[in-house]
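What follows is a single structure, written as structure tokens, with notes after it.
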Amino acid sequence: MKIREVTAKVKDKRDQDYLRVYGLVPLSKASPEKDILARYEYLQQFKKESKEFGSMKQASEALAIRVALENLARNAGYPDPVRLTWAMETKQVQNILSKETEVVLDDVTVSLVINKEGKADLVTYKAGKELKSVPPKYKKDKGILELTNYRKTMREQWTRSRKGLEESMIRGDEFLFAEMQNLFEHPIISKHLEKLVFISNDNQIGFYVDGSLVTGLGEMISLNEKQTFRIAHCFDLHKNNVWVDYQKYCFDNKLQQPFKQVFRELYAPTPDELKEKSISRRYAGHQVQPNQTLALLKTRGWKVDYEEGLQKVFHKEGYQVKMYAMADWFSPADVEAPTLETIEFHSLKDYKNIAFEDINPRIFSEVMRDIDLVVSVAHVGGVDPEASHSSIEMRGVLLRETLRLFKVKNVEIKENHAIIKGKLADYSVHLGSAVVHQLPGKYLSVLPIHSQHRGRLFLPFADEDPKSAEVMSKVLLFAKDDEIQDPTILSQIDKTYA
0 MKIREVTAKV KDKRDQDYLR VYGLVPLSKA SPEKDILARY EYLQQFKKES
50 KEFGSMKQAS EALAIRVALE NLARNAGYPD PVRLTWAMET KQVQNILSKE
100 TEVVLDDVTV SLVINKEGKA DLVTYKAGKE LKSVPPKYKK DKGILELTNY
150 RKTMREQWTR SRKGLEESMI RGDEFLFAEM QNLFEHPIIS KHLEKLVFIS
200 NDNQIGFYVD GSLVTGLGEM ISLNEKQTFR IAHCFDLHKN NVWVDYQKYC
250 FDNKLQQPFK QVFRELYAPT PDELKEKSIS RRYAGHQVQP NQTLALLKTR
300 GWKVDYEEGL QKVFHKEGYQ VKMYAMADWF SPADVEAPTL ETIEFHSLKD
350 YKNIAFEDIN PRIFSEVMRD IDLVVSVAHV GGVDPEASHS SIEMRGVLLR
400 ETLRLFKVKN VEIKENHAII KGKLADYSVH LGSAVVHQLP GKYLSVLPIH
450 SQHRGRLFLP FADEDPKSAE VMSKVLLFAK DDEIQDPTIL SQIDKTYA
């Protein structure tokens, strides 16, 4: 079978059987390395196009892509698809940087550069002075079009690697010492990696710096070539009693991580769940919007089955999780919204339930985090559901560090509330809903502060988290209530309690 035939079938018909064997077709004898990279890039393109289809087709195509990558890895001599992925991402950028990355036209110079965040940019100078963009008359030049194309490829890699590293943390992928060194030489991926905390197979934890680990307290740990590493999950930080050190470090060093790692919400089995052993009712009774739920979960590796409903398979661990609901996920949206019931893990061998204490704590936490996101984002009805204990706990930590950074001394965090002793009055802000009351109990109507006006507010991760930002901005606002100038807020404050 020729690669041309297979590619044509895949491109024209999106034929999944041909996609599966795409990686198995013998590699080009003349230039195998070039062939491996071309196939890897095509699979990434196919994956990107897949997002345009419904959740069932996406799920089946995702499985076909996984098999194709496994086959390509085997064919190319890599132990697994993860190793293949990082090797190809490195090769892709090396290919670009080995070519001409500067074009000179008359007195205009256009260069492809990678900024300190790891994002590719085109920088244009005319007679030594920087321009905002490439002058229109040069935009169609062959060299400029090539640079623009390289920038697009490298920006896609920046986004793809950010998501890939988060998935790597969730899966618990292990990296060899030599692989760590190679990845840290990658001009794009290294910018994400240097902001992440690693854990070695002998439980050493820290940021990877020039072949050593640096802890949250600034101590250096030397490493050796026999160690393996993975991106630490918040469960690892919690278990090793170093979580607070790294949270403090992020604020002290204004470190913004590519995704929530150090400030990720951790979900542990509740006493009720441990008592029931293998059935969780933590989200029972919540009604959710089916389309939104499916859209959220399919980006996190869940698939929907006509018979079984929503499920996520963990092949390496040998089990799957199912979310049971009184629902027909495929019925029109105007029918009764699905009501969540139980969450259960089943063995892939005999389909028997598995006790929560036998589930990897990292996987348990991530499954509950997925469903918590669904409940908070896709809920039905006008009233926001109660924020989960994990979300409130993490907001408390974010707030504590923010108050320390701003040297705010008149705020105390008590359970689910921030209690503020202002100069005009005392207030409480709920960490879940961001609702503000003037104590002893008068509700104050305060609109969320628009993201552009949050100004000095720092969040130590790149993920969107508008509710946390809203809680913190309101606490900071009322902590300096004597500086509030908004008449709609001032008119509501009752001075008789001051």
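In numbering that gives the first Met the number 0, the protein residues as written are 0 to 497. Heads up, the beta-carbon is just placed ideally off N, CA and C, and yes, glycines get one too. Keep in mind that this is a model prediction, so the values were computed, not measured.
- Distance, Phe-228 Cα to Ala-461 Cα: Whole-angstrom Cα-Cα distance: 23 Å.
- Residues near Glu-69 by beta carbon distance below 8 Å, same chain, minus five either side: The beta carbon of Glu-69 is closer than 8 Å to those of Gly-22, Asp-79 and Pro-80 in its chain, skipping five residues each way along the sequence.
- With 16 other CB atoms within 10 Å as the buried threshold, where does His-191 fall? Classification of His-191: buried, given that the 10 Å Cβ count is 16 or more.
- Query: Of the residues Gln-491, Gln-91, Val-445 and Asn-202, which one's Cα is nearest the Cα of Ser-221?
  - Reply: Of the candidates Gln-491, Gln-91, Val-445 and Asn-202, the one whose C-alpha sits nearest the C-alpha of Ser-221 is Asn-202.
- Task: Report yes or no: do three or more beta-carbon pairs, one from the stretch 352 to 371 and one from the stretch 223 to 239, lie closer than 8 Å?
- Result: The stretch 352 to 371, when compared against the stretch 223 to 239, does touch it at the 8 Å Cβ threshold.
- Three-pair Cβ contact test at 8 Å for the stretch 333 to 348 versus the stretch 281 to 295: Remark: three or more beta-carbon pairs, one from each stretch, lie closer than 8 Å, so the stretch 333 to 348 and the stretch 281 to 295 are flagged as touching.
- Query: What does DSSP give as the partner residues of Met-322 in its beta bridges?
  - Reply: Answer is Leu-309 and Ile-342.
- Message: Taking DSSP's pairing of strands, which residues face Gly-127 in a bridge?
- Response: DSSP output for Gly-127 lists no bridge partner at all.
- Coil, strand or helix - His-452 by DSSP: Residue placement at His-452 is flagged as unreliable, the pLDDT there being 44, under the threshold of 50; a coordinate-derived value is accordingly withheld.
- Query: Nearest-angstrom Cα distance between Val-9 and Ile-143?
  - Reply: Going by C-alpha positions, Val-9 is about 32 Å away from Ile-143.
- Test item: CB-CB of Gln-437 and Leu-443 under 7 Å: The answer is yes: Cβ separation under 7 Å.
- Query: Val-374 to Glu-469, Cα distance in whole Å?
  - Reply: C-alpha separation (whole angstroms): 19 Å.
- Item | Spatial neighbours of Gln-180 in its chain, beta-carbon cut-off 8 Å, leaving aside the 5 residues before and after | Around Gln-180: Gly-210.
- Item | Nearest-angstrom Cα separation, counted from Lys-162 out to Arg-82 | If I take the Cα positions, the gap works out to 16 Å.
- Query: Once you ignore the five residues that flank Tyr-149 on each side, which residues in its own chain have a CB closer than 8 Å to its CB?
  - Reply: Apart from sequence neighbours up to five positions away, the residues of its chain that approach Tyr-149 with a beta-carbon distance below 8 Å are Ile-95, Lys-98, Thr-100, Leu-111 and Ala-119, ordered along the chain.
- Taking all protein chains shown into account, do 16 or more other C-beta atoms lie within 10 angstroms of the C-beta of Asn-74, making it buried, or fewer, making it exposed? By the 10 Å Cβ count, Asn-74 comes out buried.
- Item | Under the three-state DSSP convention, the category Arg-13 falls into | Reduced to three states, the DSSP call for Arg-13 is coil.
- Message: For Glu-88 and Ala-377, I'd like the C-alpha separation in whole angstroms.
- Response: Rounded to whole angstroms, Glu-88 to Ala-377 spans 35 Å at the Cα level.
- Task: Would you tell me roughly how many angstroms separate the C-alpha atoms of Lys-90 and Tyr-41, rounded to the nearest one?
- Result: The straight-line gap from Cα to Cα measures roughly 15 Å.
- Item | 3-residue-minimum beta strand (DSSP E) runs that sit fully inside the stretch 340 to 416, ordered along the chain | 410 to 413, all fully within the stretch 340 to 416.
- Item | Closest by C-alpha distance to Ala-267, when choosing among Tyr-350, Asp-371, Leu-104 and Lys-151 | Comparing Cα positions, the closest option is Asp-371.
- Query: With C-beta atoms as the reference, is Ser-132 less than 7 Å away from Glu-264?
  - Reply: Contact: no.
- Item | Three-way DSSP call (helix, strand, coil) for Met-219 in this model | Three-state DSSP puts Met-219 in a strand.
- According to DSSP, residues forming a beta bridge with His-314: In the DSSP output, where bridge partners are listed per residue, His-314 has none listed.
- Using the DSSP secondary-structure output, state which residues sit across from Glu-101 in a beta bridge. Note: Glu-101 sits in a beta bridge opposite Ser-110.
- Can you tell me the Cα-Cα spacing of Phe-174 and Leu-18, whole angstroms? Phe-174 and Leu-18: Cα-Cα distance of roughly 28 Å.
- Query: Can you tell me whether Pro-439 is buried or exposed, with buried defined as 16 or more other CB within 10 angstroms of its CB?
  - Reply: Exposed, by the Cβ-count rule.
- Task: Could you check which residue in Glu-224, Glu-218, Met-219 and Ile-188 has the C-alpha nearest to that of Asn-200?
- Result: The shortest C-alpha separation from Asn-200 is found at Glu-224.
- Within 10 angstroms of the Cβ of Pro-459, are there 16 or more other Cβ atoms? Answer buried if so, exposed if not. Pro-459 is buried by the Cβ-count criterion.
- Could you pull the start and end residues of the alpha helix (DSSP H) that Ser-189 belongs to? Here the alpha helix (DSSP H) through Ser-189 covers 188 to 192.
- Using a Cβ-Cβ cut-off of 6 Å (strictly less than) and excluding sequence neighbours within five positions of Leu-35, which residues of its own chain qualify? Going by the sequence as given, residue 35 is Ile instead of Leu. Excluding sequence neighbours, Ile-35 sits near Ala-75.
- Reduced DSSP secondary structure (H/G/I, E/B, other) of Val-81: Val-81 falls in the helix class under three-state DSSP.
- If you draw a straight line from the alpha carbon of Lys-408 to that of Leu-402, how long is it in whole angstroms? Looking at the two C-alpha atoms, the distance is approximately 7 Å.
- Out of curiosity, what's the CA-to-CA distance linking Lys-247 and Thr-269? Straight-line measurement puts the Cα of Thr-269 at about 27 Å from the Cα of Lys-247.
- Task: With a threshold of 16 other CB atoms inside 10 Å of the CB of Pro-257, please say whether the residue is buried or exposed.
- Result: With 16 or more other Cβ atoms within 10 Å, it is buried.
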